[in-house]
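**Student:**
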Amino acid sequence: MMNILVLLFCITLISLLTSGRLRTYSNALALQGILLCAISFKELQELKELNYLNLVFIMLETLLFKGIIVPFFLNYLIKKNNIHYEREPNETNFYALFKIAIIFIFSFIIGYKLHHHDFNISIGTNDTSKIIFFTASLSAIFTGLLIVIRRTKIITHIVGYLVIENGLFLLTLALGDEMPIVVNLAILFDIISTTLLLGVFVNRVQMTFKDTEIGKLTELRD
Amino acid sequence: MEPIIIYLLITLFVSAAMFFARNKWLSFSLFIPAVISQFWFLYWTYTHRGGKFLTYFRVDSIGVLFIGVISILFVFSIIHTYLYDQDRKSPIRQVTIQNAVMVAFITAMSCALISDHLGLLWAFLEATTVCSAILIYFDRTNISLEAAWKYFFICSIGLALAYVGILFLGIAGQEKEHLDISVSLLRTKVHELSPIWLKISFLFAIVGFSVKMGAAPLFTVDIDAKDTAPSPIGALFSGGLLNVGFVAVFRFYEIFAMTEIRDWMDKVIMIIGVSSVFFATVYLLKVKNIKRLLAYSSLEHVGIALIALASGGIGIMAAILHLVIHSFVKAGLFYQIGQLYRTYQDKDIMLHGEYFKNYPAGAIVLMIGFLFMMSIPPSALFLTEFYTFGALFSSFHWIIGVLVLGLLTVIFYALTKALIQILFAQMLPMQEVQQRINPWESVSQYIIMAAVLYMGIFPNQTLINFVAEAVSHLPK
Numbered sequence: 003m004m005n006i007l008v009l010l011f012c013i014t015l016i017s018l019l020t021s022g023r024l025r026t027y028s029n030a031l032a033l034q035g036i037l038l039c040a041i042s043f044k045e046l047q048e049l050k051e052l053n054y055l056n057l058v059f060i061m062l063e064t065l066l067f068k069g070i071i072v073p074f075f076l077n078y079l080i081k082k083n084n085i086h087y088e089r090e091p092n093e094t095n096f097y098a099l100f101k102i103a104i105i106f107i108f109s110f111i112i113g114y115k116l117h118h119h120d121f122n123i124s125i126g127t128n129d130t131s132k133i134i135f136f137t138a139s140l141s142a143i144f145t146g147l148l149i150v151i152r153r154t155k156i157i158t159h160i161v162g163y164l165v166i167e168n169g170l171f172l173l174t175l176a177l178g179d180e181m182p183i184v185v186n187l188a189i190l191f192d193i194i195s196t197t198l199l200l201g202v203f204v205n206r207v208q209m210t211f212k213d214t215e216i217g218k219l220t221e222l223r224d
Numbered sequence: 117m118e119p120i121i122i123y124l125l126i127t128l129f130v131s132a133a134m135f136f137a138r139n140k141w142l143s144f145s146l147f148i149p150a151v152i153s154q155f156w157f158l159y160w161t162y163t164h165r166g167g168k169f170l171t172y173f174r175v176d177s178i179g180v181l182f183i184g185v186i187s188i189l190f191v192f193s194i195i196h197t198y199l200y201d202q203d204r205k206s207p208i209r210q211v212t213i214q215n216a217v218m219v220a221f222i223t224a225m226s227c228a229l230i231s232d233h234l235g236l237l238w239a240f241l242e243a244t245t246v247c248s249a250i251l252i253y254f255d256r257t258n259i260s261l262e263a264a265w266k267y268f269f270i271c272s273i274g275l276a277l278a279y280v281g282i283l284f285l286g287i288a289g290q291e292k293e294h295l296d297i298s299v300s301l302l303r304t305k306v307h308e309l310s311p312i313w314l315k316i317s318f319l320f321a322i323v324g325f326s327v328k329m330g331a332a333p334l335f336t337v338d339i340d341a342k343d344t345a346p347s348p349i350g351a352l353f354s355g356g357l358l359n360v361g362f363v364a365v366f367r368f369y370e371i372f373a374m375t376e377i378r379d380w381m382d383k384v385i386m387i388i389g390v391s392s393v394f395f396a397t398v399y400l401l402k403v404k405n406i407k408r409l410l411a412y413s414s415l416e417h418v419g420i421a422l423i424a425l426a427s428g429g430i431g432i433m434a435a436i437l438h439l440v441i442h443s444f445v446k447a448g449l450f451y452q453i454g455q456l457y458r459t460y461q462d463k464d465i466m467l468h469g470e471y472f473k474n475y476p477a478g479a480i481v482l483m484i485g486f487l488f489m490m491s492i493p494p495s496a497l498f499l500t501e502f503y504t505f506g507a508l509f510s511s512f513h514w515i516i517g518v519l520v521l522g523l524l525t526v527i528f529y530a531l532t533k534a535l536i537q538i539l540f541a542q543m544l545p546m547q548e549v550q551q552r553i554n555p556w557e558s559v560s561q562y563i564i565m566a567a568v569l570y571m572g573i574f575p576n577q578t579l580i581n582f583v584a585e586a587v588s589h590l591p592k
């Protein structure tokens with residue numbers, strides 16, 4: 003079950019990298035939020051002592067914040083600024099698929115090597131799930147970075163940032179219950195304010211520069 | 117109630133009150149309780165060194181030292197923010213937001229310096245990013261919007277990378293015995309962890325935190341931020357935030373210094389330090405904007421501090437002292453540059469000139485500040501750089517030592533050229549003095565420069581002992 007959820011998460015990454023429609027991005031992010039909620043629920047269930055406070059908090063963070071508020075906010079930004087489409091310059095889907103495949107393979111190799119290096123495990127043991135987690139989260143981080151580097155609209159840069167955050171969340175889950183609730187709260191608060199402020203800046207940039215292309219922001223120089 | 121909670125509550129309340137204040141007078145007078153709570157907090161941390169509080173906080177000497185620097189610069193920055201507002205007559209809403217965010221910014225930096233839990237340290241650093249972005253956007257111009265957006269976005273990405281580093285360290289700890297990722301605990305258990313995880317963790321952390329330190333590789337947005345933000349805020353970036361970023365890296369250094377990756381880690385820090393000085397040299401040669409010039413000089417000094425840290429031995433102490441003194445010199449210069457801008461209404465060095473004639477009091481500050489920044493004796497920075505090179509050569513980094521000395525010579529040339537242009541060059545015919553500045557406004561800069569001069573001639577033993585205490589737990 004867990005593997006299927008993580009695989010679905012990886013599929014959303016493929017859709018993020020191959021699609022050019024902004025609505026697809028917000029849908030993919032909403033789906034990622036729901037998947038992260040399911041994954042963290044399953045993960046927390048397996049712990050011997052279930053901390054209900056932690057459970058409620060993580061449910062809120064994933065389902066409410068990542069699954070509903072953020073996609074809703076993105077849709078609002080898309081509508082308000084009337085930007086609907088974004089496509090990498092001169093790129094076909096084939097290259098996007100090729101890139102995401104490379105990211106998956108690379109992340110898997112890193113995850114496998116790192117875990118293998120430590121414990122000499124073999125596939126099929128309990129550590130397999132750790133490797134899968136690790137691969138998915140690293141892939142999300144790399145995909146997010148790729149979106150940030152290659153796309154030109156500042157709204158897609160926010161999408162890239164949110165994908166990186168989702169990857170980090172998955173990596174935090176691999177850490178189990180090591181992150182105390184106070185720290186989690188502080189981190190969540192930061193991420194919420196960051197996302198909101200990024201959105202505010204998108205609106206400002208649109209109002210000031212009458213455009214949301216990153217190429218327009220070139221006034222600062224030596 | 118724990119003093120940390122009281123401090124957080126007071127600053128939160130003051131910040132909120134400033135935000136909702138309807139007039140500037142009220143907003144500025146609310147700085148009084150903010151300053152009192154800041155100095156009370158400084159006193160409390162000073163008297164409670166070595167203690168652990170609320171599970172996730174730990175007060176140590178390096179934290180107290182930099183909280184002290186931030187607290188002092190906070191007072192000076194308030195004075196200059198007031199003067200800045202008197203000159204600009206900015207809209208009330210802009211001023212109240214700036215004041216409120218400034219208090220939050222100082223609080224986030226102070227708390228980051230005493231965070232023992234790496235996750236919490238990250239959270240406070242991210243909070244400083246949110247505050248910085250709002251502070252940079254103070255002028256509401258196109259260029260400040262661009263700088264704020266770039267700074268905010270790149271910082272968030274950089275800190276996300278640093279978070280990966282923290283998580284990797286957590287995973288490494290979890291492989292053994294479910295270690296909590298707090299600095300004090302990891303320091304005792306780190307030798308049991310797998311070196312490969314530690315190396316990856318350190319790489320991510322130093323690259324991520326470089327955005328806060330303003331060091332290579334992610335230094336560009338930091339330069340834009342210091343250029344665009346009002347001068348009193350630029351002073352806080354150079355004199356406060358830079359140190360907080362350094363302490364974040366130092367926390368990782370403290371943990372990993374006990375392990376077999378120490379030598380490897382020193383090499384990485386050395387590469388980042390030398391490349392920071394190199395980039396600073398290249399840009400300083402061509403930069404024409406006076407604020408960017410100061411920002412690139414900060415890049416140079418953080419590079420020197422990193423080189424000192426990587427050299428080990430006395431170099432570690434020199435690194436911390438260097439940053440403390442650099443904070444004051446740079447902040448003093450930023451305050452003065454604010455007045456320079458008011459005199460000429462331009463940041464382009466080529467459009468300045470005859471500053472000695474136009475505003476002698478400010479010109480003297482600028483001259484002393486530039487000489488101090490170039491680490492010329494009796495600047496206290498000379499002493500720290502002297503010890504840095506001592507550590508560098510005694511650890512047999514001959515080639516790096518000579519290379520960095522060469523780069524510093526070029527920087528010396530670039531800064532001297534800019535200084536002579538501003539102070540003595542003839543003004544262009546179309547250029548005229550826009551505003552006469554009251555010499556009283558330069559008093560704070562004189563105080564700062566006098567303190568740095570005093571430190572250079574009579575090095576304060578208490579301060580040195582304090583720094584020695586901060587590094588006493590590190591292996592030689």
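If you're matching them up, the sequences are chains S and F in order.
Its first residue numbered 3, the first sequence is counted upward by one per residue in this note's numbering.
Its first residue numbered 117, the second sequence is counted upward by one per residue in this note's numbering.
For each residue, glycine too, the CB sits at the ideal point set by N, CA and C.
Owing to the predicted nature of the structure, the values given are computational and were not obtained by experimental measurement.
#1: Please name the residue or residues paired with N405 (chain F) in a DSSP beta bridge.
#2: If you run the structure through DSSP and keep just helix, strand and coil, what is E167 (chain S)?
#3: Using a Cβ cut-off of 8 angstroms, pull out every chain F residue sitting near L222 (chain S), in sequence order please.
#4: Can you find a CB in chain S that lies within less than 9 angstroms of the CB of I625 (chain F)?
#5: Looking only at its own chain, which residues have a Cβ that is under 8 angstroms from the Cβ of Q550 (chain F), when we skip the five neighbours before and after it?
#6: Please name the residues in the stretch 402 to 413 of chain F whose beta-carbon is closer than 8 angstroms to at least one beta-carbon of chain S, in chain order.
#7: Tell me, please, whether the CB atom of W380 (chain F) is closer than 9 angstroms to any CB atom in chain S?
#8: List the residues of chain S whose Cβ lies closer than 7 angstroms to the Cβ of I287 (chain F), in chain order.
#9: Going by CA-CA distance only, name the one from F:L519, F:P346 and F:T223 that's closest to I126 (chain F).
#10: Please compile the residues from chain S whose C-beta is within a distance smaller than 9 angstroms of the C-beta of S206 (chain F).
#11: Assuming L283 (chain F) contacts L173 (chain S) under a Cβ cut-off of 8 angstroms, what Cβ separation, rounded to an integer in Å, is found between them?
#12: What's the C-alpha gap between K101 (chain S) and G113 (chain S)?
#13: For L261 (chain F) versus F135 (chain S), is the C-beta spacing smaller than 9 angstroms?
#14: Out of S:L199, S:G201 and S:I194, which one is the CA nearest neighbour of T64 (chain S)?
#15: Please confirm if the stretch 173 to 190 of chain F is in contact with the stretch 306 to 316 of chain F, defined as three or more CB-CB distances below 8 angstroms between the two stretches.
#16: If I measure Cβ to Cβ from R165 (chain F) and keep anything under 7 angstroms in the same chain, skipping five residues before and after, which residues do I get?
#17: Starting from the beta carbon of Y163 (chain S), find every residue of chain F whose beta carbon is closer than 9 angstroms, and list them in chain order.
#18: Identify whether K446 (chain F) lies in helix, strand or coil by the three-state DSSP scheme.
#19: Excluding the five sequence neighbours on either side, which residues of its own chain have a C-beta within less than 6 angstroms of the C-beta of I36 (chain S), listed in chain order?
#20: Please confirm whether V207 (chain S) has its beta-carbon closer than 9 angstroms to some beta-carbon of chain F.
#21: Could you tell me which uninterrupted alpha helix (DSSP H) segments, each at least 4 residues in length, are contained entirely in the stretch 487 to 542 of chain F, listed from first to last along the chain?
#22: Take every Cβ of the stretch 492 to 508 of chain F, pair it with every Cβ of the stretch 418 to 433 of chain F, and state whether three or more of those distances are shorter than 8 angstroms.
#23: Considering only their Cβ atoms, is the gap separating G572 (chain F) from F498 (chain F) smaller than 9 angstroms?
#24: Within 9 angstroms (strictly less), CB to CB, does L116 (chain S) reach chain F?
#25: Give every residue of the same chain whose Cβ lies closer than 6 angstroms to the Cβ of V583 (chain F), excluding the five residues on either side of it in the sequence, and list them in chain order.
#26: Which one or two residues does DSSP pair with F106 (chain S) in a beta bridge?
#27: Would a check of beta-carbon distances place F240 (chain F) closer than 9 angstroms to chain S?
#28: Beta-carbon within less than 8 angstroms of K404 (chain F)'s beta-carbon, same chain only, minus the 5 sequence neighbours each way: which residues are those?
#29: If the cut is a Cβ gap below 9 angstroms, which residues of chain F does V8 (chain S) touch?
#30: Name the DSSP bridge partner or partners of S231 (chain F)?
#31: Taking Cβ-Cβ distances shorter than 9 angstroms, what residues in chain S pair up with M307 (chain F)?
#32: Considering just the uninterrupted stretch of the alpha helix (DSSP H) at A331 (chain F), what are its terminal residues?
#33: How many Å lie between A477 (chain F) and G469 (chain F) at the Cα?
#34: In whole angstroms, give me the CA-to-CA distance for A341 (chain F) and H86 (chain S).
#35: Excluding sequence positions up to five away, which residues of its chain have a Cβ less than 8 angstroms from the Cβ of I492 (chain F)?
#36: T171 (chain F) CB to nearest chain S CB: under 9 angstroms?
**Tutor:** Inspection of the coordinates gives the following:
#1: Your numbering for residue 405 (chain F) matches position 289 in the second sequence. F:D464.
#2: By 1-based counting over the first sequence, the position of residue 167 (chain S) is 165. It is helical.
#3: Position 220 of the first sequence, counted from the first residue, corresponds to residue 222 (chain S). Near L222 (chain S) (Cβ distances below 8 angstroms), the residues of chain F are I259, E262, A263, K266, D340, D343 and T344.
#4: In this structure chain F extends from 117 to 592, so residue 625 (chain F) is not present and cannot be described.
#5: Here the question's residue 550 (chain F) lines up with position 434 in the second sequence. Contacts found: R458, T459, Y460 and Q461.
#6: So the list reads K402, V403, K404, N405 and R408, given in the order they occur along the chain.
#7: Residue numbering aside, residue 380 (chain F) sits at position 264 when the second sequence is read from its first letter. Cβ-Cβ to chain S under 9 angstroms: no for W380 (chain F).
#8: Counted from its first residue, the second sequence places residue 287 (chain F) at position 171. Under the 7 angstroms cutoff, chain S gives A176 and L177.
#9: For the purposes of this step, residue 126 (chain F) is taken as residue 10 along the second sequence, with counting starting at 1. Here the closest residue by C-alpha is F:T223.
#10: Walking along the second sequence from the start, residue 206 (chain F) turns up at place 90. Result: empty, since nearest Cβ-Cβ is about 17 angstroms, beyond 9 angstroms.
#11: Translated into positions along the second sequence, residue 283 (chain F) becomes position 167. Translated into positions along the first sequence, residue 173 (chain S) becomes position 171. Contact holds; Cβ gap of about 5 angstroms.
#12: The count along the first sequence starts at 1 and reaches residue 101 (chain S) at position 99. The count along the first sequence starts at 1 and reaches residue 113 (chain S) at position 111. C-alpha separation (whole angstroms): 18 angstroms.
#13: Within the second sequence, numbered from 1, the residue matching residue 261 (chain F) stands at position 145. Within the first sequence, numbered from 1, the residue matching residue 135 (chain S) stands at position 133. Cβ atoms of L261 (chain F) and F135 (chain S): not closer than 9 angstroms.
#14: Numbered from 1 along the first sequence, position 62 holds the residue referred to as residue 64 (chain S). Nearest to T64 (chain S) by alpha-carbon distance, out of S:L199, S:G201 and S:I194, is S:I194.
#15: They do not touch, by the three-pair rule.
#16: Along the second sequence, one-based indexing puts residue 165 (chain F) at 49. The answer, listed in chain order, is V175, D176, S177 and V180.
#17: Translated into the one-based positions of the first sequence, residue 163 (chain S) becomes position 161. Those within 9 angstroms of Y163 (chain S) in chain F are F269, S272, I273 and A276.
#18: In the second sequence, the residue the question calls residue 446 (chain F) occupies position 330. Looking at K446 (chain F) - three-state DSSP - the assignment turns out to be helix.
#19: Numbered from its first residue, the first sequence carries residue 36 (chain S) at position 34. Once the five neighbours on either side are set aside, the close Cβ partners of I36 (chain S) are G69.
#20: Here residue 207 (chain S) is taken as the residue at index 205 of the first sequence, counted from 1. For V207 (chain S), a Cβ of chain F is located within less than 9 angstroms of the residue's own Cβ.
#21: 496 to 510 and 514 to 539, all fully within the stretch 487 to 542 of chain F.
#22: Verdict: yes, contact present.
#23: Start at 1 with the first residue of the second sequence, and residue 498 (chain F) comes out as number 382. Start at 1 with the first residue of the second sequence, and residue 572 (chain F) comes out as number 456. Yes, they are a contact pair.
#24: Mapped onto the first sequence, residue 116 (chain S) falls at position 114. Taking a beta-carbon distance threshold of 9 angstroms, L116 (chain S) counts as an interface residue toward chain F.
#25: Here the question's residue 583 (chain F) lines up with position 467 in the second sequence. Cβ neighbours of V583 (chain F) beyond the five flanking positions: M433, I436 and L437.
#26: Here residue 106 (chain S) refers to the residue found at position 104 of the first sequence. By DSSP's assignment, F106 (chain S) forms no beta bridge with any residue.
#27: In the second sequence, the residue the question calls residue 240 (chain F) occupies position 124. It does: the Cβ of F240 (chain F) has a partner Cβ on chain S nearer than 9 angstroms.
#28: For the purposes of this step, residue 404 (chain F) is taken as the residue at position 288 of the second sequence. Counting only Cβ-Cβ distances below 8 angstroms, and skipping sequence neighbours, we find D464, I465 and M466.
#29: Locating residue 8 (chain S) in the first sequence gives position 6, where the first residue counts as 1. Contact note: V8 (chain S) does not reach chain F at a C-beta cutoff of 9 angstroms; the least C-beta distance is about 17 angstroms.
#30: The residue labelled residue 231 (chain F) in the question sits at position 115 within the second sequence. Residue pairing by DSSP places S231 (chain F) opposite F:F173 in a beta bridge.
#31: Reading the second sequence from its first residue, position 191 is the one you call residue 307 (chain F). Note that residue 307 (chain F) corresponds to His in the displayed sequence, not to Met. Contact note: H307 (chain F) does not reach chain S at a C-beta cutoff of 9 angstroms; the least C-beta distance is about 15 angstroms.
#32: Here residue 331 (chain F) refers to the residue found at position 215 when the second sequence is read from its first residue. Going by DSSP, A331 (chain F) is part of no alpha helix (DSSP H) at all; its letter is neither H nor E.
#33: As a working mapping, residue 477 (chain F) is identified with position 361 in the second sequence. As a working mapping, residue 469 (chain F) is identified with position 353 in the second sequence. Here the C-alpha atom of A477 (chain F) lies approximately 15 angstroms from the C-alpha atom of G469 (chain F).
#34: Sequence index remark: in the second sequence, residue 341 (chain F) carries index 225 (1-based). Sequence index remark: in the first sequence, residue 86 (chain S) carries index 84 (1-based). When only Cα atoms are considered, A341 (chain F) and H86 (chain S) end up about 31 angstroms apart.
#35: For the purposes of this step, residue 492 (chain F) is taken as the residue at position 376 of the second sequence. Same-chain partners within the cutoff: F498.
#36: Translated into positions along the second sequence, residue 171 (chain F) becomes position 55. Under the Cβ distance rule, T171 (chain F) counts among the residues neighbouring chain S, one pair being separated by less than 9 angstroms.
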